[in-house]
Amino acid sequence: MDWTSILAIYVLFWVLSAFIILPFGIRSHSETGTEMVKGQADGAPVNFRPGRTLAFTTLLATLAFILFYFNYTNQWITVDDIDFFGSRDRLEQQ
(Lines of atoms letter the chains of each structure in order from A and count residues from 1; the text may use other names and numbers.)
(Lines give C-alpha, C1' and ligand atoms only; values in the text may rest on other atoms or scores of the structure.)
Protein backbone atom coordinates (compact mmCIF):
# COMPACT_ATOMS: atom_id res chain seq x y z
CA MET A 1 0.00 0.00 0.00
CA ASP A 2 1.41 3.40 -0.98
CA TRP A 3 1.94 6.06 1.67
CA THR A 4 -0.59 8.32 -0.08
CA SER A 5 -3.23 5.61 0.27
CA ILE A 6 -2.33 5.16 3.92
CA LEU A 7 -2.65 8.91 4.51
CA ALA A 8 -5.98 9.17 2.67
CA ILE A 9 -7.48 6.24 4.57
CA TYR A 10 -6.22 7.61 7.90
CA VAL A 11 -7.81 11.00 7.14
CA LEU A 12 -11.11 9.25 6.41
CA PHE A 13 -10.88 7.42 9.74
CA TRP A 14 -10.02 10.70 11.48
CA VAL A 15 -13.04 12.55 10.07
CA LEU A 16 -15.35 9.66 10.95
CA SER A 17 -13.88 9.59 14.46
CA ALA A 18 -14.41 13.33 14.84
CA PHE A 19 -18.12 12.95 14.12
CA ILE A 20 -18.30 10.10 16.63
CA ILE A 21 -16.42 11.98 19.40
CA LEU A 22 -17.95 15.47 19.03
CA PRO A 23 -21.26 14.90 20.87
CA PHE A 24 -19.69 13.35 24.00
CA GLY A 25 -19.29 15.56 27.07
CA ILE A 26 -21.02 18.63 25.61
CA ARG A 27 -23.43 20.50 27.89
CA SER A 28 -25.83 23.27 26.89
CA HIS A 29 -26.76 26.37 28.89
CA SER A 30 -30.02 24.85 30.06
CA GLU A 31 -28.18 21.79 31.41
CA THR A 32 -25.59 23.81 33.33
CA GLY A 33 -27.86 26.66 34.42
CA THR A 34 -25.61 29.41 33.02
CA GLU A 35 -26.93 32.55 31.41
CA MET A 36 -27.01 32.82 27.62
CA VAL A 37 -25.53 35.69 25.60
CA LYS A 38 -27.98 37.66 23.46
CA GLY A 39 -28.26 36.07 19.99
CA GLN A 40 -26.79 32.75 21.10
CA ALA A 41 -28.38 29.52 19.89
CA ASP A 42 -30.20 27.39 22.47
CA GLY A 43 -28.05 24.33 21.78
CA ALA A 44 -24.69 26.12 21.82
CA PRO A 45 -22.20 24.25 24.00
CA VAL A 46 -20.93 25.79 27.22
CA ASN A 47 -17.89 23.58 27.77
CA PHE A 48 -16.44 22.78 24.34
CA ARG A 49 -12.78 21.76 24.72
CA PRO A 50 -11.16 21.48 21.27
CA GLY A 51 -7.84 20.11 22.54
CA ARG A 52 -9.53 17.23 24.33
CA THR A 53 -11.73 16.55 21.32
CA LEU A 54 -8.72 16.50 18.96
CA ALA A 55 -6.82 14.16 21.27
CA PHE A 56 -9.67 11.66 21.59
CA THR A 57 -10.40 11.88 17.86
CA THR A 58 -6.76 11.16 17.00
CA LEU A 59 -6.65 8.27 19.47
CA LEU A 60 -9.82 6.66 18.09
CA ALA A 61 -8.74 7.19 14.46
CA THR A 62 -5.31 5.70 15.14
CA LEU A 63 -6.75 2.61 16.82
CA ALA A 64 -9.29 2.11 14.03
CA PHE A 65 -6.62 2.54 11.37
CA ILE A 66 -4.30 0.06 13.08
CA LEU A 67 -7.10 -2.52 13.09
CA PHE A 68 -7.81 -1.76 9.43
CA TYR A 69 -4.16 -2.06 8.44
CA PHE A 70 -3.65 -5.35 10.30
CA ASN A 71 -6.78 -6.71 8.64
CA TYR A 72 -5.47 -5.51 5.27
CA THR A 73 -2.11 -7.23 5.71
CA ASN A 74 -3.34 -10.43 7.40
CA GLN A 75 -6.64 -10.81 5.49
CA TRP A 76 -8.67 -11.67 8.60
CA ILE A 77 -11.92 -10.46 7.01
CA THR A 78 -12.19 -10.44 3.22
CA VAL A 79 -14.93 -9.60 0.72
CA ASP A 80 -15.84 -13.29 0.55
CA ASP A 81 -16.47 -13.30 4.31
CA ILE A 82 -19.07 -10.53 4.12
CA ASP A 83 -20.81 -11.66 0.92
CA PHE A 84 -24.08 -12.71 2.57
CA PHE A 85 -26.12 -13.00 -0.61
CA GLY A 86 -23.69 -14.95 -2.77
CA SER A 87 -23.44 -12.26 -5.44
CA ARG A 88 -19.76 -13.01 -6.09
CA ASP A 89 -20.61 -16.66 -6.76
CA ARG A 90 -23.29 -15.67 -9.25
CA LEU A 91 -20.90 -13.32 -11.04
CA GLU A 92 -18.24 -16.03 -11.29
CA GLN A 93 -20.77 -18.52 -12.72
CA GLN A 94 -21.77 -16.20 -15.56
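Under this note's numbering, the final residue of the sequence shown carries the number 95; numbering is consecutive throughout.
Yeah, the Cβ is synthetic: ideal placement off N, Cα and C, and Gly gets one too.
Through-space distance from residue j to residue i, alpha-carbon basis
i   : j   : result
A62 : V47 : 26 Å
F57 : N72 : 23 Å
M37 : F49 : 15 Å
L13 : I83 : 21 Å
I22 : T54 : 7 Å
F85 : F69 : 21 Å
V80 : G87 : 11 Å
M2  : A9  : 11 Å
Helix, strand or coil at residue i according to DSSP, with G and I counted as helix
i   : result
P46 : strand
D84 : coil
Bounding residues of the alpha helix (DSSP H) (the contiguous stretch that carries residue i)
i   : result
I22 : W4 to I22
S29 : It is not in any alpha helix (DSSP H) - S29 carries neither H nor E in the DSSP assignment.
F69 : P51 to N75
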